[in-house]
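Right, one structure below, let's go through it.
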Amino acid sequence: MQLLYQTHSPYARKALVFAHESGLADRIEVIHHETSPTLRNETVCARNPLGKVPVLLRPGRPPLFDSDVICAVLDTLHTGPKLIPPEGDAR
1 MQLLYQTHSP YARKALVFAH ESGLADRIEV IHHETSPTLR NETVCARNPL GKVPVLLRPG
61 RPPLFDSDVI CAVLDTLHTG PKLIPPEGDA R
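The opening residue of the sequence shown carries number 1 in UniProt numbering; numbering runs sequentially from there.
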């Protein structure tokens, strides 16, 4: 998997921290891409029509964007205890 990432994005950092906490970081290649409202990044826009990071690229699967979605999917891929509570106030 690849994570399109920018250090200035708190949402991209959230996805990367989740990858580390879930033990999946070694399976994800982090690729830095500069994005800004005034600088369109064609690589990011080709995978996320909003032109924002993070974007999780999975072989043979559609790209995922939005840090909450990425974290939810990563939570299904590791064998440890779930990091996102399933429902209720804990979530």
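Built from N, CA and C at the ideal position, the CB exists for glycine as well.
query: By Cβ distance below 7 Å, which residues in the same chain neighbour T35 in space, the five residues on each side in sequence not counted?
result: Reading the sequence shown from its first residue, position 35 is the one you call residue 35. Excluding residues within five positions, the ones whose Cβ falls inside 7 Å are Q6, N41, V44, G51, K52 and V53.
Those residues which DSSP pairs with E29 across a bridge: In the sequence shown, the residue the question calls residue 29 occupies position 29. Q2, per the DSSP bridge assignment.
- prompt: Nearest-angstrom Cα distance between L77 and H32?
  reply: Here residue 77 corresponds to residue number 77 of the sequence shown, with the count starting at 1. Here residue 32 corresponds to residue number 32 of the sequence shown, with the count starting at 1. A direct Cα-Cα distance of roughly 23 Å separates L77 from H32.
- prompt: Quick one: Cα of L74 to Cα of N48, how far?
  reply: Within the sequence shown, the letter at position 74 stands for residue 74. Within the sequence shown, the letter at position 48 stands for residue 48. Roughly 18 Å separates the two Cα atoms.
task: Measure from the alpha carbon of K14 to the alpha carbon of each residue in S67, G80 and D89, then state which is nearest.
output: Taking the sequence shown and counting its residues from 1, one reaches residue 14 at position 14. Among S67, G80 and D89, the Cα nearest to that of K14 is on S67.
field: 8 Å contact criterion, which L4 and V55 should meet: CB distance rounded
entry: Within the sequence shown, residue 4 is the residue found at index 4, counting from 1. Within the sequence shown, residue 55 is the residue found at index 55, counting from 1. Yes, they are in contact, since the Cβ atoms of L4 and V55 sit about 4 Å apart, within 8 Å.
field: 6 Å CB neighbourhood of E29 in its chain, flanking five on each side removed
entry: Taking the first residue of the sequence shown as position 1, residue 29 is located at position 29. Excluding residues within five positions, the ones whose Cβ falls inside 6 Å are Q2.
message: How far does the beta strand (DSSP E) with L56 in it extend, from its first residue to its last?
response: For the purposes of this step, residue 56 is identified with residue 56 of the sequence shown, where counting begins at 1. Segment V55 to L57, the beta strand (DSSP E) holding L56.
message: Can you tell me which residues form a DSSP beta bridge with S36?
response: Mapped onto the sequence shown, residue 36 falls at position 36. According to the DSSP secondary-structure assignment, S36 is paired through a beta bridge with L39.
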